[in-house]
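Please read the structure below before turning to the comments.
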Amino acid sequence: DQQVKQNSPSLSVQEGRISILNCDYTNSMFDYFLWYKKYPAEGPTFLISISSIKDKNEDGRFTVFLNKSAKHLSLHIVPSQPGDSAVYFCAASRLAGKSTFGDGTTLTVKP
Amino acid sequence: GAGVSQSPRYKVAKRGQDVALRCDPISGHVSLFWYQQALGQGPEFLTYFQNEAQLDKSGLPSDRFFAERPEGSVSTLKIQRTQQEDSAVYLCASSPSRTGRGNQPQHFGDGTRLSIL
Chain G
1 DQQVKQNSPS LSVQEGRISI LNCDYTNSMF DYFLWYKKYP AEGPTFLISI SSIKDKNEDG
61 RFTVFLNKSA KHLSLHIVPS QPGDSAVYFC AASRLAGKST FGDGTTLTVK P
Chain A
112 GAGVSQSPRY KVAKRGQDVA LRCDPISGHV SLFWYQQALG QGPEFLTYFQ NEAQLDKSGL
172 PSDRFFAERP EGSVSTLKIQ RTQQEDSAVY LCASSPSRTG RGNQPQHFGD GTRLSIL
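Those protein sequence lines, which keep their order, are chains G and A. Residues 1 to 111 (our numbering) are what the first sequence spells out, left to right. Residues 112 to 228 (our numbering) are what the second sequence spells out, left to right.
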């Protein structure tokens, strides 16, 4: 039973356009959601997070949206840059405990 | 260093051997997590420490896996009598948060890639 799902294994966008990465979860007890970015042979790097009491959090080119009723969150990257090409993991946790991860989406931004 | 440090970066062992993986968390971070990441999948939780106390070991796949953090800083994950299915990347993460007291992101090391022959 996978509690966090990223249904798109890969996404390809043109430089300068918007990238939208999606994530669904099943456990309504999750209260904190995060996106991590991962390059090959490196550990995941924290990108942006959102608490369950909010529905949007923005940090520069990155915005995370949370729809609790649909148990869905998304990451928007605008504008996309070639350096954004990486694997993006969605994660969720409860009470600052362990994180449950999706299987990742590989984003390719083409120049 | 400023980040989470893991060693060795790569470890090759024969089936049946014991291995030990080390994690140096960010100084002052209370919480320490170990995750296992199989190829093409996301990290999966193994165990959690708050200071020196192991508060959750529900993710350890068998009693061959053992973790410790005796002084509340450096942690070691030990795998006894390794099997081929233990081959994976083992990630360590630390956080300044205590469970139940404020959400902060976990900071990950670059992992140890373990290959069992």
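All C-beta atoms in this analysis are idealised placements derived from N, C-alpha and C, irrespective of residue type, glycine included.
Exercise. Beta carbon of Ser186 (chain A), beta carbon of Ala178 (chain A): below 8 Å?
Worked result: Yes; because the gap between Cβ atoms is below 8 Å, this pair is in contact.
Problem set entry | Residues of the region 51-82 of chain G with Cβ closer than 7 Å to any Cβ of chain A, in chain order | Answer set for the region 51-82 of chain G: Ser51.
Exercise. How about Asn162 (chain A): is its C-beta nearer than 8 Å to some C-beta of chain G?
Worked result: At a cut-off of 8 Å between C-beta atoms, Asn162 (chain A) does not count as an interface residue with respect to chain G.
For this session: Determine the chain A residues that contact Ser49 (chain G) at a beta-carbon separation under 8 Å, and present them in chain order.
Result: What Ser49 (chain G) touches in chain A: Asn214 and Pro216.
Exercise. For His76 (chain G), which residues does DSSP report across the bridge?
Worked result: In the DSSP assignment, the residues bridged to His76 (chain G) are G:Ile20 and G:Thr63.
For this session: Could you tell me whether the Cβ of Tyr130 (chain G) comes closer than 8 Å to any Cβ of chain A?
Result: With chain G covering 1 to 111 only, the question about residue 130 (chain G) has no answer from this structure.
Problem set entry | Proximal residues of chain G, C-beta to C-beta of Ser208 (chain A) below 7 Å | Here the neighbours are Ala96.
Exercise. Taking 8 Å as the CB-CB limit, is Leu143 (chain A) close to chain G?
Worked result: Closer than 8 Å: no.
Exercise. How about Thr103 (chain G): is its C-beta nearer than 8 Å to some C-beta of chain A?
Worked result: According to the sequence provided, residue 103 (chain G) is Asp. The question's Thr does not apply to it. When Cβ-Cβ separations below 8 Å define contact, Asp103 (chain G) makes contact with chain A.
Problem set entry | chain A contacts from the region 6-24 of chain G (Cβ-Cβ distance under 9 Å) | Listed by position, the residues of the region 6-24 of chain G near chain A (Cβ gap below 9 Å) are Gln6 and Pro9.
Exercise. How big is the Cα-Cα spacing for Leu73 (chain G) and Ala204 (chain A)?
Worked result: When rounded, the separation of the alpha-carbon atoms in Leu73 (chain G) and Ala204 (chain A) is 23 Å.
Problem set entry | From G:Ile18, G:Ser10, G:Gln81 and G:Asp24, residue whose alpha carbon lies closest to that of Gln2 (chain G) | For the set G:Ile18, G:Ser10, G:Gln81 and G:Asp24, the Cα lying nearest the Cα of Gln2 (chain G) is the one of G:Asp24.
For this session: On the DSSP bridge assignment, give the partners of Glu179 (chain A) in chain order.
Result: Glu179 (chain A) is bridged by DSSP to A:Thr187.
Exercise. Excluding five sequence neighbours on each side, which residues of the same chain lie with their C-beta closer than 7 Å to the C-beta of Gln215 (chain A)?
Worked result: Here the set comprises Ser206, Pro207 and Ser208.
For this session: Return no unless some Cβ of chain A is closer than 8 Å to the Cβ of Ser28 (chain G).
Result: For Ser28 (chain G), not one C-beta of chain A is nearer than 8 Å to its own C-beta.
Exercise. Can we say the region 64-79 of chain G touches the region 120-134 of chain A, given the rule of at least three CB pairs closer than 8 Å?
Worked result: With a cut-off of 8 Å, the region 120-134 of chain A and the region 64-79 of chain G do not count as touching, because too few Cβ pairs lie within range.
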